[in-house]
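The listed protein sequences derive, respectively, from chains A and B.
For reference, each letter of the first sequence is one residue, going 209 to 406 in our numbering.
For reference, each letter of the second sequence is one residue, going 209 to 406 in our numbering.
This report concerns only the one structure given below.
There are 2 protein chains.
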Amino acid sequence: MAEDRRTRRSRRALGAALIELVLERGFTALTVEDITERADVARATFYAHFRDKEDLFARVTADLLAGLSERLAPAVADSAVGFTGKPVLEMLRHAREERDLYRIVLRGEGDGKPLQMFADACARATAEEFRARAERNAVEPRIDPELLARVWVGEQLGVLRWWVEQETPSLPAEEVVRMLLDLAMRGRYWASGFEPSA
Amino acid sequence: MAEDRRTRRSRRALGAALIELVLERGFTALTVEDITERADVARATFYAHFRDKEDLFARVTADLLAGLSERLAPAVADSAVGFTGKPVLEMLRHAREERDLYRIVLRGEGDGKPLQMFADACARATAEEFRARAERNAVEPRIDPELLARVWVGEQLGVLRWWVEQETPSLPAEEVVRMLLDLAMRGRYWASGFEPSA
DNA sequence: GCTGTTTACATACAGAGTGTTCAATAACTT
DNA sequence: AAGTTATTGAACACTCTGTATGTAAACAGC
Chain A
209 MAEDRRTRRS RRALGAALIE LVLERGFTAL TVEDITERAD VARATFYAHF RDKEDLFARV
269 TADLLAGLSE RLAPAVADSA VGFTGKPVLE MLRHAREERD LYRIVLRGEG DGKPLQMFAD
329 ACARATAEEF RARAERNAVE PRIDPELLAR VWVGEQLGVL RWWVEQETPS LPAEEVVRML
389 LDLAMRGRYW ASGFEPSA
Chain B
209 MAEDRRTRRS RRALGAALIE LVLERGFTAL TVEDITERAD VARATFYAHF RDKEDLFARV
269 TADLLAGLSE RLAPAVADSA VGFTGKPVLE MLRHAREERD LYRIVLRGEG DGKPLQMFAD
329 ACARATAEEF RARAERNAVE PRIDPELLAR VWVGEQLGVL RWWVEQETPS LPAEEVVRML
389 LDLAMRGRYW ASGFEPSA
C-alpha cells in the first residue's frame, strides 16, 4: 500500500498546474478553480489534498528544497570549508533542471515566504561558518561575519535569479562558479581591472 | 487650490494604515476594510482614492522611490564613478528614516513587484556602468559585466535587508559602507583573513 | 461669514471566490 | 471479485470586492 495511484496523479497534476499558472499570471492572480481546471481535476478534489493554494505552493517548494539538499549533501561534504565551489555548482545544475520553479521562488511569488526563509537559513549557517573560521584561526575579522554572510547570500541569490531568468543562459554554470570564486578571492575592483574611485 | 485638506488626510491615513498592517499581518492577508478601519475612514472613501489595495501600495512605494532618488541625486553626482560610497551611505540613511517601509519592500510584500523592479533597474544601470568602464579603459573584463552587476545589486540588497530588519542596527551606516568598500576592493577571503579553500 | 464645490459617509447591491458537505460513481488494491 | 478509497458535481453559507447611491459635512475663494 505505497500510495494510491489516483492520489499521486491528482497531486502531481495540481502541482504542475500551479507552476504553469504562476509563471503565466502570478500567484496572487490565481484562483483554486484556475488551478483545478488546468490540472483537469474537480475543485472538491483540490480540497481533499490541500487546505488552500498557499498550502499547495508550500508543499511544492518544500519538495524542491528537499531535492536540493539531497543533491547538496555530498558536495558540501567534499569541499569542507568555503561554500563557493562544488556546492554552488551543484545548485546551479539543480536550478537548470527545475528552472520554472526556481524562477517562481526567486521572484518571491507566494508572498516571498519560501525565498526569505531559505535566504535567512543560508545566512545564519554562513555566518556561523565565518565565525567558526575566525575562532579556528584566532583572528579578529575586520568584517562583521553577519554582514559578510548577508553579502555572500545576497550575491548568490542575485546571480542565481539572473541566471535562471535568462531564456538561454549567457554563461555555463561552470563559468559562473569560476567568476564567483575569482571575485571572492580578489575583490571586485581588481576583477574588473580598475582601481577604486571613491 | 493646492490640494484639499480632506484628501490629504484620507490619503495619508490610508497609507500609514497600510504600512502598519502589512508589518503586522502581511500584505495578502489584508482586506480593504482592515485598512479603512485602521485609518478610520469609510470604505467608500478608499475607492474614491485608489483602485484597490495594490494600487495604494504601488503609490506608497512610488513615493518612497521618489524620495530616495531625490536624496541620491547629489551623492551620485559627487562620487562620479563607483557607487559604493556616498550613494550607498545616503541610501542607508534613508532606510533608517523609513525603516518600516523598507522592511516591507525588502521582504517582497505585495508580490515583490516593487522590489524586483527596483533590483532589475539597478542591475541594468550597474551593468551599463561596468561596460562603460571597460570601454573607457580598453580592457577585456575577466568577469562578465552582467554577472558583476547582479553580484553588486544582490550584495547591496542582502545587506540592506539584514540591516533594516535588526531591531537596533548592530553596525552604524558608516561602518557598513566601510566594510562594503573594503570587500569590493580586496575580496572576501582576504577580508576575513583566510586563504581560499576549494 | 456666505456660497458653490468637493469630499466623506453610510448603505445597499451584484458578482466572484472560498472552503465545506454530501451522495453517487469510478478507480484502485489485495 | 470484493472491499476500500478517491473523485466528482452540486449545493451551501460566507467573505470580500468594486460600484453606485443620496445625504451630510468640510472645504476654498470671495
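Every residue, glycine too, gets a C-beta built ideally from N, C-alpha and C.
- The closest CA to that of Glu-298 (chain A), considering only A:Ala-333, A:Ser-277, A:Thr-376, is found on A:Ser-277.
- Within the model, the alpha-carbon separation for Asp-308 (chain B) versus Ala-221 (chain B) is close to 15 angstroms.
- The beta carbon of Asp-242 (chain A) sits no closer than 8 angstroms to any beta carbon of chain B.
- Residue burial annotation: Glu-363 (chain A) is buried, with at least 16 other C-beta atoms found within 10 angstroms of its C-beta.
- For Asp-212 (chain A), no CB of chain B lies under 8 angstroms from its own CB, so it is not counted at the interface with that chain.
- At least one CB of chain A lies nearer than 8 angstroms to the CB of Ile-351 (chain B).
- In terms of Cα proximity to Phe-326 (chain B), the closest of B:Ala-225, B:Lys-294, B:Ala-303, B:Leu-365 is B:Leu-365.
- Just measuring C-alpha positions, the residue of B:Arg-369, B:Leu-355, B:Leu-379, B:Gln-374 sitting nearest Leu-368 (chain A) is B:Leu-355.
- Apart from the 5 residues on each side of it in sequence, Ser-218 (chain A) sits with its Cβ closer than 7 angstroms to the Cβ of Val-249, Thr-253, His-257 in its chain, given in chain order.
- Within the same chain, and ignoring the five residues on either side of Leu-314 (chain B) in sequence, the residues whose Cβ sits closer than 6 angstroms to its Cβ are Arg-369.
- Note that the stretch 263 to 273 of chain A touches the stretch 226 to 241 of chain A; at least 3 beta-carbon pairs, one per stretch, sit closer than 8 angstroms.
- Taking a beta-carbon distance threshold of 8 angstroms, Glu-232 (chain A) does not count as an interface residue toward chain B.
- Spanning the alpha carbons of Val-284 (chain B) and Val-240 (chain B) requires a straight line of approximately 39 angstroms.
- A distance below 8 angstroms separates the beta carbons of Gly-316 (chain A) and Gln-324 (chain B).
- Within the stretch 334 to 395 of chain B, the alpha helix (DSSP H) runs of at least 4 residues that lie entirely inside it are, in chain order, 353 to 373, 381 to 394.
- The beta carbon of Met-387 (chain A) falls within 8 angstroms of a beta carbon belonging to chain B, placing the residue at that interface.
- Per DSSP, the continuous alpha helix (DSSP H) segment holding Gly-223 (chain B) begins and ends at 213 to 233.
- The contact set of Gly-223 (chain B) on chain A, defined by CB atoms closer than 8 angstroms, is empty, because the minimum CB distance reaches about 20 angstroms.
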